[in-house]
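Single-structure report; data block below.
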Amino acid sequence: MKAPAKAKEARGLLRLLDFMPLIFAFGFLVPVIAQGMERLGWERPLGTTPLVFALLVGGGWGLVAQIRGRWI
Amino acid sequence: MTASPLDVSTLSKPELMKLERDIARRHSGQFPWEILLWAFGNMALWLSLWPLVIFGYLPLWAAFPIATVSIMLVYLPTHEAQHDIIARPGTRWRWLNELVGHATSWMIVSPFAVLRFTHLEHHKHANDPALDPDHTTHADSAWHAVRKIIRESQPDGQRSRDYAACLARGNRKDLMLQSMGFKMTYFAILFALAWSGLALEAFFLWWLPLQIGLVYVALYLSWAPHHPAKETGRYRDTRSFRSRLGNIGSMGMQFHIVHHLHPYIPLTRTPAAYWEMRPILEARGCNIHEL
């Protein structure tokens, strides 16, 4: 691979890393919460499905982490 | 165990150095077969947890603590390989040294080459706030260190910046790319598992054990042996200490001072080397009063 292409690839990766809290939230945290609720038999929290609830909680947490720069 | 009766009070500094090196040589050079068993046995154990849990032979709650201990145990064999302890460059078993490093470090989502480079920089610059990549672990107490390690590992934390700066100083952009590649691959695997219905397995077998393991390793390999981390220099940047978890519970780090002085001594030999060297270390003014 030529040097400029490599540098472009690195910049792309770095830009992606900037959004890791949001990506992590929707890629991992949401299914962890949803499947955790299903495993615990907590089916309809606040009248929603586990996935919708997980999207709200996990996505919201990810958004806060993205803005604040920290999860806890 | 008590200190060796060796009387060094009349020896000059060059004589102390010669004696120290003689002891170090006596405890080095042996093939560390225990480390090979540790590295590959531990990896096999961790990998076996996945089918055992997925196919219902082992409950996830039982696999989680095993996975956590297993992930905690990954670092030290790679650490031995980082220091060429399994085999020096140019020797017959050199490939095995590199294999141990590369074959196991992926479990802690760090390329072996990055671990080696940054760790050797830590040895060169231990406790230097500007140049020691592990300096973020330094804290007033163990609990403060745990909080700080967690804090500095957050997205806006200093730890990954210090590691990136260390690689940049060494002009190792290739290692930065490797590091990013490992992280991207790790997250891609986690996401794929999670959206395939194995989110809890991925969480309790890899993600959470890794978070706990990294805090444990940073606490015992970085904070404890360098505390209070206010001085630099061969005999002042590391100490011996007494761990509440004992020598095994602290992964042999009570004797880390010997490792910093003579990094080619295998981990399993550092306690014996320490007790032999102790009078010399005392004469050198090392911080060894706890042990």
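Chains A and B supply the protein sequences, listed in that same order.
Using my numbering, the first residue of the first sequence is number 2, and each one after it goes up by one.
Using my numbering, the first residue of the second sequence is number 16, and each one after it goes up by one.
Cβ atoms here follow ideal geometry from the backbone N, Cα and C, with glycine treated the same way.
Residue i: contacting residues in chain A (beta-carbon distance under 7 Å)
{"i": "Pro170(B)", "result": "Met21, Pro22, Ala66, Gly70 and Arg71"}
Three-state secondary structure (DSSP) of residue i
{"i": "Asn302(B)", "result": "strand"}
{"i": "Arg40(A)", "result": "helix"}
{"i": "Ala18(B)", "result": "Residue placement at Ala18(B) is poorly supported in this model, since its pLDDT is 48, which falls under 50; the coordinates still yield a value, given next. Looking at Ala18(B) - three-state DSSP - the assignment turns out to be coil, as it is neither helix nor strand."}
{"i": "Arg254(B)", "result": "strand"}
{"i": "Val53(A)", "result": "helix"}
{"i": "Ser237(B)", "result": "helix"}
{"i": "Trp72(A)", "result": "coil"}
{"i": "Phe127(B)", "result": "helix"}
{"i": "Val115(B)", "result": "helix"}
{"i": "Leu31(B)", "result": "helix"}
{"i": "Arg284(B)", "result": "helix"}
{"i": "Gln67(A)", "result": "helix"}
{"i": "Ser120(B)", "result": "helix"}
{"i": "Asn57(B)", "result": "helix"}
{"i": "Gly28(A)", "result": "helix"}
{"i": "Gly59(A)", "result": "helix"}
{"i": "Glu95(B)", "result": "helix"}
{"i": "Trp221(B)", "result": "helix"}
{"i": "Ile13(B)", "result": "Because chain B is modelled from 16 through 306, residue 13(B) falls outside the range shown and cannot be assessed."}
{"i": "His42(B)", "result": "coil"}
{"i": "Gln173(B)", "result": "coil"}
{"i": "Ala179(B)", "result": "helix"}
{"i": "Val273(B)", "result": "helix"}
{"i": "Leu260(B)", "result": "coil"}
{"i": "Glu49(B)", "result": "helix"}
{"i": "Gly1(B)", "result": "Nothing about residue 1(B) can be reported from this structure: the residues present for chain B run from 16 to 306 only."}
{"i": "Val230(B)", "result": "helix"}
{"i": "Glu246(B)", "result": "coil"}
{"i": "Tyr289(B)", "result": "helix"}
{"i": "Gly48(A)", "result": "helix"}
{"i": "Val23(B)", "result": "coil"}
{"i": "Phe20(A)", "result": "coil"}
Nearest candidate by alpha-carbon position, reference residue i, set the options
{"i": "Leu15(A)", "options": "Asn262(B), Phe132(B), Arg184(B) and Gln193(B)", "result": "Gln193(B)"}
{"i": "Tyr201(B)", "options": "Phe25(A), Arg12(A) and Gly13(A)", "result": "Phe25(A)"}
{"i": "Gly212(B)", "options": "Arg40(A), Leu64(A), Lys9(A) and Thr50(A)", "result": "Arg40(A)"}
{"i": "Gly28(A)", "options": "Trp43(A), Pro46(A), Gly48(A) and Leu56(A)", "result": "Leu56(A)"}
{"i": "Trp61(B)", "options": "Trp76(B), Ala82(B) and His42(B)", "result": "Ala82(B)"}
{"i": "Trp62(A)", "options": "Glu44(A), Gly48(A), Leu23(A) and Trp43(A)", "result": "Leu23(A)"}
{"i": "Asp177(B)", "options": "Trp158(B), Val84(B), Glu136(B) and Met199(B)", "result": "Glu136(B)"}
{"i": "Trp121(B)", "options": "Phe70(B), Thr93(B), Glu246(B) and His304(B)", "result": "Thr93(B)"}
{"i": "Leu229(B)", "options": "Gly264(B), Met87(B), Thr285(B) and Ala287(B)", "result": "Met87(B)"}
{"i": "His311(B)", "options": "Pro47(B), Leu236(B), Arg284(B) and Gly116(B)", "result": "Residue 311(B) cannot be examined here, being either before or after the span of chain B that is shown, 16 to 306."}
{"i": "Glu35(B)", "options": "Tyr231(B), Asn262(B) and Pro294(B)", "result": "Pro294(B)"}
{"i": "Asp155(B)", "options": "His242(B), Asn262(B) and Trp210(B)", "result": "His242(B)"}
{"i": "Leu18(A)", "options": "Leu225(B), Met292(B), Arg254(B) and Ala203(B)", "result": "Ala203(B)"}
{"i": "Ala145(B)", "options": "Thr119(B), Ala160(B) and Gln173(B)", "result": "Gln173(B)"}
{"i": "Trp221(B)", "options": "Asn302(B), Met266(B), Ala179(B) and Val124(B)", "result": "Val124(B)"}
{"i": "Ala118(B)", "options": "Pro80(B), Ala157(B), Gly56(B) and Lys163(B)", "result": "Gly56(B)"}
{"i": "Gln269(B)", "options": "Ile280(B), Thr285(B), His277(B) and Lys245(B)", "result": "Thr285(B)"}
{"i": "Ala288(B)", "options": "Ala183(B), Gly300(B), Lys188(B) and His274(B)", "result": "His274(B)"}
{"i": "Leu26(B)", "options": "Ile303(B), Arg40(B), Arg299(B) and His304(B)", "result": "Arg299(B)"}
{"i": "Ala128(B)", "options": "Gly44(B), Arg187(B), Pro281(B) and Glu49(B)", "result": "Arg187(B)"}
{"i": "Tyr7(B)", "options": "Ser258(B), Arg259(B), Arg257(B) and Pro240(B)", "result": "Past the edges of chain B, shown from 16 to 306, lies residue 7(B), and the structure says nothing about it."}
{"i": "His140(B)", "options": "Pro278(B), Ala59(B), Thr247(B) and Glu297(B)", "result": "Thr247(B)"}
{"i": "Met15(B)", "options": "Glu305(B), Leu296(B) and His304(B)", "result": "Absent from the structure is residue 15(B), since the part of chain B shown begins at 16 and ends at 306."}
{"i": "Ser85(B)", "options": "Ile101(B), Trp65(B), Gln97(B) and Asp99(B)", "result": "Trp65(B)"}
{"i": "Arg6(B)", "options": "Ser63(B), Tyr279(B), Gly264(B) and Pro80(B)", "result": "Only positions 16 to 306 of chain B appear in the structure, and residue 6(B) is not among them; the question remains open."}
{"i": "Pro32(A)", "options": "Phe54(A), Trp72(A) and Lys9(A)", "result": "Phe54(A)"}
Anticipated Cβ contact below 8 Å, residue i with residue j, distance rounded
{"i": "Glu142(B)", "j": "Asp252(B)", "result": "Checking the displayed sequence, the identity of residue 142(B) turns out to be Asn instead of Glu. Sure, about 5 Å apart at Cβ, within 8 Å."}
{"i": "Gln36(A)", "j": "Ala214(B)", "result": "4 Å"}
{"i": "Glu95(B)", "j": "Pro47(B)", "result": "6 Å"}
{"i": "Cys181(B)", "j": "Thr151(B)", "result": "That pair is no contact at about 12 Å."}
{"i": "Leu225(B)", "j": "Ala217(B)", "result": "Leu225(B) to Ala217(B), Cβ: 11 Å. No contact."}
{"i": "Leu234(B)", "j": "Leu91(B)", "result": "Going by Cβ atoms, the distance from Leu234(B) to Leu91(B) rounds to 14 Å, so no, they are not a contact pair."}
{"i": "Ile34(A)", "j": "Val65(A)", "result": "About 15 Å separates the two Cβ atoms, so there is no contact after all."}
{"i": "Arg257(B)", "j": "Ile303(B)", "result": "Actually they do not touch by this definition, with Cβ atoms about 10 Å apart."}
{"i": "Gly70(A)", "j": "Pro170(B)", "result": "5 Å"}
{"i": "Val115(B)", "j": "Leu51(B)", "result": "7 Å"}
Interface partners of residue i on chain B, CB under 7 Å
{"i": "Val33(A)", "result": "Ala209, Ala214, Leu215 and Phe218"}
{"i": "Gly37(A)", "result": "Leu215"}
Chain-ordered neighbours of residue i on chain B, where CB pairs are closer than 9 Å
{"i": "Arg45(A)", "result": "Ordered by position in chain B, no residue passes the 9 Å Cβ test against Arg45(A), which lies about 19 Å from the chain."}
{"i": "Gly59(A)", "result": "Going along chain B, no residue has its Cβ under 9 Å from Gly59(A), so there is no contact; the nearest lies around 11 Å."}
{"i": "Gly42(A)", "result": "Near Gly42(A) there are no residues of chain B at all, since even the closest Cβ is about 14 Å away, more than 9 Å."}
{"i": "Phe54(A)", "result": "The premise fails here: Phe54(A) is roughly 14 Å from chain B at the closest Cβ pair, so nothing lies under 9 Å."}
Per-residue contacts from residue i into chain B (C-beta, under 8 Å)
{"i": "Phe25(A)", "result": "Phe202"}
Distance cut-off 6 Å: residue i Cβ against heavy atoms of the ligand ADP
{"i": "Phe70(B)", "result": "Although the ligand ADP was asked about, the structure shown includes no ligands whatsoever."}
Taking beta-carbon pairs under 8 Å, can you tell me which members of the segment 202-218 of chain B lie near chain E? Within the model displayed, chain E is absent; protein chains A and B are what it includes.
Note down, one range per segment and in chain order, each beta strand (DSSP E) of at least 3 residues found wholly within the segment 134-170 of chain B. Scanning the segment 134-170 of chain B for uninterrupted beta strand (DSSP E) segments of 3 residues or longer gives nothing; none is fully contained.
In chain order, each alpha helix (DSSP H) run of at least 4 residues that lies wholly inside the segment 63-89 of chain B: Counting whole runs of 4 or more residues, the segment 63-89 of chain B contains the alpha helix (DSSP H) stretches 75-87.
Complete runs of the alpha helix (DSSP H) confined to the segment 183-212 of chain B [at least 4 residues]: Within the segment 183-212 of chain B, the complete alpha helix (DSSP H) segments of 4 residues or longer fall at 188-208, listed in chain order.
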